[in-house]
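Scroll down for the structure; my scribbles are underneath it.
Residue numbers (this note's numbering): 94 to 416.
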């Protein structure tokens with residue numbers, strides 16, 4: 094719903110452009126006045142963020158069947174808010190939206206469980222996918238220090254603090270270099286790192302220059318709803334990964350096959366050291382990761398299933414088994 098300028102301001106730490114937000118809400122309301130001309134609505138999370146469900150229900154009364162999609166535990170913005178008024182007014186909003194949807198599409202089991210507990214009529218798990226044509230094959234082993242890489246956004250780089258000590262040991266011990274793509278300049282303090290801005294047209298090139306991709310996460314309800322996008326990106330480029338054993342990470346990472354799951358600082362240090370010291374292991378894990386993305390997380394593999402779901406809902410025909 095919101096324009097790129099909103100995200101640019103958010104990631105740069107600037108004040109959010111209120112005029113752009115107001116115009117985006119106005120545009121969404123105009124769209125909904127024409128909703129009855131379509132066969133199907135596909136809603137990303139919600140129609141009007143921070144508005145009570147009653148406002149969306151008013152628009153949806155005369156709308157065609159709708160699908161609602163979640164690739165994050167967005168409901169926790171409301172039901173786990175520190176503000177009691179938000180919890181009271183909006184805590185069950187998205188549950189109501191899911192309950193009245195013809196279909197709820199989600200990216201993992203945690204999100205599916207929430208949809209089912211909300212009373213959703215039908216739930217389909219569609220994993221996060223990538224267009225493999227954009228992701229180059231992995232280069233051969235390096236002769237210089239291997240690069241441990243992370244890609245993300247300024248609002249998620251705080252997860253790097255969870256592995257600061259293992260990364261510091263690797264970098265200061267001259268065992269690896271560190272590359273951060275999309276992080277704030279102050280991420281990980283004074284730790285030496287190659288710091289690159291995130292851009293859509295350069296992200297895959299930066300990932301291709303990694304030797305190991307990392308995804309540290311805290312183990313909280315919000316993180317359990319994440320869909321492992323960066324892991325899938327690393328693996329699409331044929332990179333071995335090290336990740337926290339949280340949520341869908343446990344499904345994407347096959348420990349000892351395409352990467353390692355690490356929880357404690359010692360486990361992180363051990364996994365990184367093992368991969369940094371063994372280029373052949375990195376190559377083997379990377380090939381296994383690429384193969385898994387081709388089988389389970391590719392755009393071309395998932396599109397037919399998505400099209401089937403959309404058409405079934407639009408025709409109001411019974412859905413095939415979704416789980």
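Every residue, glycine too, gets a C-beta built ideally from N, C-alpha and C. These figures come from a predicted structure and were not determined experimentally.
Exercise. Do the stretch 339-348 and the stretch 367-375 make contact, defined as three or more Cβ pairs closer than 8 Å?
Worked result: Note that the stretch 339-348 does not touch the stretch 367-375; fewer than 3 beta-carbon pairs, one per stretch, sit closer than 8 Å.
Problem set entry | Cβ pair count under 8 Å reaching 3, the stretch 161-169 against the stretch 197-213 | Touching, yes, given that three or more Cβ pairs across the two stretches are closer than 8 Å.
Exercise. How would you label residue 198, buried or exposed, when you count the other beta carbons within 10 angstroms and need 16 or more for buried?
Worked result: Looking at its Cβ environment, which holds 16 or more other Cβ atoms inside 10 Å, residue 198 is buried.
Problem set entry | Three-state secondary structure assigned by DSSP to residue 246 | It is coil, neither helix nor strand.
Exercise. Could you give the uninterrupted runs of the beta strand (DSSP E) lying entirely in the stretch 198-241, keeping only those of 3 residues or more?
Worked result: Segments of the beta strand (DSSP E) lying fully in the stretch 198-241: 216-218.
Problem set entry | Counted within 10 angstroms of its Cβ, other Cβ atoms place residue 375 as buried (16 or more) or exposed | Taking every protein chain shown into account, the CB of residue 375 has 16 or more other CB atoms within 10 angstroms, so this residue is buried.
For this session: Note down the Cα distance separating residue 334 from residue 391, rounded to an integer number of angstroms.
Result: Each residue's alpha carbon lies about 18 Å from the other.
Exercise. Buried or exposed: where does residue 119 fall if 16 or more other Cβ atoms within 10 Å of its Cβ makes it buried?
Worked result: Residue 119 comes out exposed.
Problem set entry | Where residue 145 falls, given that 16 or more other Cβ within 10 Å makes a residue buried | Exposed: under 16 other Cβ atoms inside 10 Å.
Exercise. Under the three-state reduction of DSSP, which class applies to residue 393: helix, strand or coil?
Worked result: Residue 393 falls in the helix class under three-state DSSP.
Exercise. Does the Cβ-Cβ distance between residue 359 and residue 337 come in under 8 Å?
Worked result: Contact flag unset, no.
Exercise. On the three-state DSSP scale, how would you describe residue 339?
Worked result: Residue 339: coil per DSSP, three-state reduction.
Exercise. Under a three-way DSSP split, which group does residue 185 fall into?
Worked result: Reduced to three states, the DSSP call for residue 185 is coil.
For this session: Kindly identify the DSSP beta-bridge partner or partners of residue 135.
Result: Its beta-bridge partners are 160.
Exercise. Can you tell me whether DSSP reads residue 303 as helix, strand or coil?
Worked result: For residue 303, the secondary structure class from DSSP, reduced to helix, strand or coil, is coil.
Exercise. Are the stretch 179-189 and the stretch 286-304 touching by the rule of at least three beta carbon pairs closer than 8 Å?
Worked result: Judged by Cβ distances under 8 Å, the stretch 179-189 makes no contact with the stretch 286-304, as fewer than three pairs qualify.
Exercise. Run through DSSP, which three-state label would residue 140 get?
Worked result: Correct three-state label for residue 140: coil.
Exercise. Just to confirm, are residue 244 and residue 323 a CB contact at a threshold of 8 Å?
Worked result: Their beta carbons are under 8 Å apart, which means residue 244 touches residue 323 by this criterion.
Problem set entry | Straight-line Cα distance separating residue 361 from residue 257 | Across the structure, residue 257 and residue 361 are spaced so that their CA atoms are roughly 10 Å apart.
Problem set entry | Backbone CA spacing between residue 194 and residue 364 [nearest angstrom] | So the alpha carbons of these two residues sit roughly 43 Å apart.
For this session: Tell me whether residue 354 sits in a helix, a strand or coil according to DSSP, three-state version.
Result: Looking at residue 354 - three-state DSSP - the assignment turns out to be strand.
For this session: Report all residues from its chain with a CB closer than 8 Å to the CB of residue 397; omit the five preceding and five following residues, and keep chain order.
Result: If we look at residue 397 and ignore the five residues flanking it on each side, it has no Cβ neighbours.
Problem set entry | Buried versus exposed call for residue 111 [16 or more other C-beta atoms within 10 Å across all chains shown] | The residue is exposed, with fewer than 16 neighbouring Cβ atoms inside 10 Å.
Problem set entry | Contacting residues, own chain, Cβ-Cβ under 6 Å from residue 288 (five flanking each side not counted) | For residue 288, where only same-chain residues beyond five positions count, the Cβ hits under 6 Å are 273.
Problem set entry | Buried versus exposed call for residue 414 [16 or more other C-beta atoms within 10 Å across all chains shown] | In this predicted model, residue 414 has a pLDDT of only 46, less than 50, meaning its place in the structure is not dependable enough to derive any value.
Exercise. Below 8 Å between beta carbons: does that hold for residue 152 and residue 128?
Worked result: Remark: C-beta atoms of residue 152 and residue 128 approach each other more closely than 8 Å.
Exercise. Apart from the five residues just before and just after residue 348, which ones in its own chain have a Cβ nearer than 7 Å to its Cβ?
Worked result: The residues are 354.
Problem set entry | First and last residue of the uninterrupted alpha helix (DSSP H) at residue 274 | From DSSP, residue 274 is part of no alpha helix (DSSP H) but of the beta strand (DSSP E) over 270-274.
Problem set entry | residue 187, buried or exposed, once every other Cβ within 10 Å from all chains shown has been counted against 16 | Buried is the label assigned to residue 187, since at least 16 other Cβ atoms lie within 10 Å of its Cβ.
Problem set entry | Endpoints, beta strand (DSSP E) assigned at residue 173 | Residue 173 -> no beta strand (DSSP E), and no H or E assigned at all.
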